[in-house]
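So that you can map any letter, position 81 of the sequence shown is 81 in full-length UniProt numbering, and since no number is skipped, the others follow by simple counting. Below: one structure, written as structure tokens.
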Amino acid sequence: MSKFDPYDHLNIAPNPDGSITRLLKIPKMPTNCDDESAESEDVICKDVVLSAEKKTKVRIFRPSKTPSKESTAGAIAKLPILFYYHGGFFIMYDVADEIQHMHCVQFTTELPAIVISLDYRLAPENRLPASYDDAVDALLWLKQQALDPKGEPWLREYADFSKCYLLRRV
Numbered sequence: 001m002s003k004f005d006p007y008d009h010l011n012i013a014p015n016p017d018g019s020i021t022r023l024l025k026i027p028k029m030p031t032n033c034d035d036e037s038a039e040s041e042d043v044i045c046k047d048v049v050l051s052a053e054k055k056t057k058v059r060i061f062r063p064s065k066t067p068s069k070e071s072t073a074g075a076i077a078k079l080p081i082l083f084y085y086h087g088g089f090f091i092m093y094d095v096a097d098e099i100q101h102m103h104c105v106q107f108t109t110e111l112p113a114i115v116i117s118l119d120y121r122l123a124p125e126n127r128l129p130a131s132y133d134d135a136v137d138a139l140l141w142l143k144q145q146a147l148d149p150k151g152e153p154w155l156r157e158y159a160d161f162s163k164c165y166l167l168r169r170v
């Protein structure tokens, strides 16, 4: 018999009702899309609610210094989109957790890109395939933003919808 305890390994505790208690306390990172942050930070971010009913949202990250206008066409050079599904085995973490947030900040600055991080519903409180459904809903939302002239302003102004990439961390 194995002595490996997955609950101990993942730092979680099962509850009688089938939910889990997440014992690891990770600092939360706030959004910073105000004018002061745009002047002092390399990356700014904001949360956008996808579904109030499902309690899902995305956190959108973008460089505070936006691409300059191209000299010939006068159009703003738009950035690729990196759609990021944070790690945690579908049972841990959210977009505000410091480690997930800082991954997105790093992607935004080093690529550079618009990074969209999905805050999906976690198991076991939300049975699978809830997190997968949230991922599909988020991609459909992104598709709608590409078509909607009144869509999310940061995406409309700075994102190149023809260059969209998906990244999943375990």
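The beta-carbon is built from N, C-alpha and C at its ideal position, and this holds for glycine as well.
Through-space distance from residue j to residue i, alpha-carbon basis
i           : j    : result
D17         : Q100 : 28 angstroms
V115        : I26  : 21 angstroms
residue 217 : N11  : Within the shown structure, residues of the chain are numbered from 1 to 170, placing residue 217 beyond reach of any answer.
R22         : R121 : 14 angstroms
I44         : K3   : 45 angstroms
K163        : F83  : 11 angstroms
C104        : W154 : 16 angstroms
L117        : K57  : A small correction: the amino acid at residue 117 is Ser; Leu does not occupy that position in the sequence shown. When rounded, the distance between both Cα atoms is 9 angstroms.
R168        : M102 : 15 angstroms
W141        : Y132 : 14 angstroms
Counted within 10 angstroms of its Cβ, other Cβ atoms place residue i as buried (16 or more) or exposed
i    : result
D97  : buried
Q144 : exposed
S51  : exposed
H86  : buried
A77  : exposed
Y7   : exposed
D119 : buried
F89  : exposed
V95  : buried
Contact under 7 angstroms by Cβ, residue i with residue j
i    : j    : result
Y165 : R62  : no
L79  : A113 : yes
T66  : D47  : no
Near the ligand GDP: residue i beta-carbon under 6 angstroms from a heavy atom
i    : result
D137 : Ligands are entirely absent from the displayed structure, and the ligand GDP is therefore not among its contents.
DSSP bridge partner residues for residue i (one or two, in chain order)
i    : result
A159 : L79
R169 : Bridge partners of R169: none, in fact.
Inset, instruction - Tell me the start and end of each unbroken alpha helix (DSSP H) in the stretch 11 to 74 that is at least 4 residues and wholly inside, in chain order. - result: 35 to 40
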